[in-house]
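Q: Dropping a structure here in structure tokens format, bear with me for questions.
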Amino acid sequence: MSANILGITCDTPIVIAPTGSNRAFHPDGELAVARAAKTGNHLMMLSTVASTSIEDAIAARGAPVWFQLYTTQRFEIAAALIKRAEAAGAPAIAVTLDVRAPLKWPTAVRLRRTDTRDCASCHTPNSYLSSKPNFAGIDLAGTTGTTVTNLTWDTVKRLRDTVKVKLVLKGILAAEDAKLAADAGIDAIVVSNHGGRVEDGVGSTIEALPEIVAAAGGRMPILVDSGFRHGSEILKALALGAQAVCIGRPYLWGLGAFGQPGVERVLAILRGELRAAMQQLGAPSLKDITPAMVRRA
Ligand SMILES: Cc1cc2nc3c(=O)[nH]c(=O)nc-3n(C[C@H](O)[C@H](O)[C@H](O)COP(=O)(O)O)c2cc1C
0 MSANILGITC
10 DTPIVIAPTG
20 SNRAFHPDGE
30 LAVARAAKTG
40 NHLMMLSTVA
50 STSIEDAIAA
60 RGAPVWFQLY
70 TTQRFEIAAA
80 LIKRAEAAGA
90 PAIAVTLDVR
100 APLKWPTAVR
110 LRRTDTRDCA
120 SCHTPNSYLS
130 SKPNFAGIDL
140 AGTTGTTVTN
150 LTWDTVKRLR
160 DTVKVKLVLK
170 GILAAEDAKL
180 AADAGIDAIV
190 VSNHGGRVED
200 GVGSTIEALP
210 EIVAAAGGRM
220 PILVDSGFRH
230 GSEILKALAL
240 GAQAVCIGRP
250 YLWGLGAFGQ
260 PGVERVLAIL
270 RGELRAAMQQ
280 LGAPSLKDIT
290 PAMVRRA
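Structure, rendered in structure tokens:
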């Protein structure tokens with residue numbers, strides 16, 4: 000099951016998707032996730048708004064970690080984050096494209112009424128980003144959060160000129176955008192709908208994947224995430240042309256329940272399921288997984 004993802008060899012094509020504020024789930028936060036990723040030799044992406052810095056995550060992982068980038072409303076902030084991540088040894092910057100409007104989470108809105116805690120004790124004005132270690136020392140004037148309303152293909156061109164390591168776009172859902180990404184010299188894309196957390200009516204990534212793979216035409220590797228819960232589902236994405244599959248919530252459930260051993264267990268279950276599914280289909284290695292293994296109605 001070993002996979003080479005943009006020059007990094009891993010024991011598995013199952014990748015840790017970036018999720019913010021992991022200390023909300025367990026006091027060890029992203030350090031526990033990084034150590035679990037090390038145990039199973041998984042590629043990890045660290046969120047811009049992680050509760051651990053990129054330097055500490057790379058140290059805990061014991062290997063390079065990709066840095067997920069929210070560009071924020073000011074390019075200078077993005078440039079400073081890129082510089083920091085590159086200096087720390089991140090071999091790729093994955094720019095998230097898909098948080099473009101304030102999010103409405105009905106569960107959060109409903110629960111807010113019953114939550115009697117003093118929000119201002121943590122969420123003082125403009126404190127969200129400044130409380131995140133990756134922003135330490137960066138002037139945050141003019142920006143308040145991760146919602147980015149001014150990100151265009153011109154910004155992507157500017158990012159391409161700024162980023163010295165690999166540049167990845169996360170949040171592509173259409174063949175047209177995949178083609179624009181390839182034309183812009185992007186190194187890889189992550190087909191993602193952010194786990195369906197941004198837009199209720201959005202389509203699934205497994206449905207979008209084949210047209211995106213076709214549009215990319217082999218010019219760049221394609222990763223996918225959102226909703227993958229079993230090894231057999233991961234195998235279907237690989238069969239339809241994904242090079243790797245990222246997971247988000249499943250490892251967070253393990254983290255919240257048991258910390259590092261919980262994340263290790265979730266990853267081991269997924270690896271075991273993928274292995275079993277490959278054996279069942281007679282695919283001894285990832286390159287033996289083919290589109291014909293998935294029948295579509
Ligand atoms: C709690 C949580 C926080 C997240 N934070 C980020 C983030 O900071 N940056 C980002 O690019 N994606 C973020 N995501 C989206 C994930 O990277 C990923 O696209 C998604 O979780 C994959 O779907 P899955 O959870 O169904 O596996 C977050 C997802 C969750 C559940």
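Counting with numbering that gives the first Met the number 0, you get residues 0 to 296 for the letters of the sequence shown.
Using N, Cα and C, we set each Cβ at its ideal position, and we do this for glycine too.
Take Val293 as the anchor and find which of Leu273, Ala238 and Gln242 has the nearest alpha-carbon.
A: Nearest option by C-alpha distance: Ala238.
Q: DSSP has Thr95 in a bridge; who is on the other side?
A: DSSP, once it has assigned bridges, lists Lys169 as partnering Thr95.
Q: So is the beta-carbon of Asp182 under 6 Å away from any non-hydrogen atom of ligand 3?
A: Absence of ligand 3 is noted for the structure shown, with ligand 1 being the only ligands found.
Q: Would you report the Cα separation of Met277 and Cys245, rounded to the nearest angstrom?
A: About 18 Å.
Q: Please name the residue, chosen from Gln259, Val108 and Ala296, that lies closest to Pro249 on a Cα-to-Cα basis.
A: Ranking Gln259, Val108 and Ala296 by Cα distance to Pro249 puts Gln259 first.
Q: So Gln72 is in the beta strand (DSSP E); what residue range does that whole segment cover?
A: That residue, Gln72, is in no beta strand (DSSP E); it is neither H nor E in DSSP.
Q: As a quick exercise: from Thr47, Thr145, Ala207 and Glu29, pick the residue whose alpha carbon is nearest that of Ala59.
A: Considering only alpha carbons, the answer is Glu29.
Q: At a threshold of 6 Å, does Ser16 count as lining ligand 1 (C-beta to nearest heavy atom)?
A: Looking at the sequence shown, residue 16 is not Ser but Ala. Yes, the Cβ of Ala16 comes within 6 Å of a heavy atom of ligand 1.
Q: Apply the 10 Å Cβ neighbour rule to Asp153 and answer buried if 16 or more other Cβ atoms are within range, or exposed otherwise.
A: Per the 10 Å Cβ criterion, exposed.
Q: What separation, rounded to the nearest whole angstrom, lies between the Cα atoms of Leu61 and Ser46?
A: Reading off the sequence, residue 61 comes out as Gly, not Leu. Their Cα atoms are separated by approximately 17 Å.
Q: Taking C-beta to C-beta, are Phe74 and Ala89 nearer than 7 Å?
A: Not a contact, by the Cβ cut-off of 7 Å.
Q: Leaving out five residues before and five after Val201 in sequence, what residues of the same chain have Cβ atoms less than 8 Å from its Cβ?
A: Within the same chain, Val201 has close Cβ partners Leu172, Asn192 and Gly195.
Q: What number of angstroms, rounded off, separates the C-alpha of Val155 from the C-alpha of Ala23?
A: The alpha-carbon atoms of Val155 and Ala23 are separated by roughly 31 Å.
Q: Are the CB atoms of Leu166 and Gly57 within a distance shorter than 7 Å?
A: Sequence check: residue 57 is Ile here, not Gly. The answer is no: Cβ separation not under 7 Å.
Q: Roughly how many angstroms separate the alpha carbons of Tyr127 and Thr143, rounded to a whole number?
A: So the two alpha carbons sit approximately 7 Å from each other.
Q: Return helix, strand or coil for Leu102, following the three-state DSSP convention.
A: Coil.
Q: Considering only the alpha carbon of each residue, which of Ile188, Phe227, Leu150 and Val262 lies closest to Gly217?
A: It is Ile188 whose Cα lies nearest to the Cα of Gly217.
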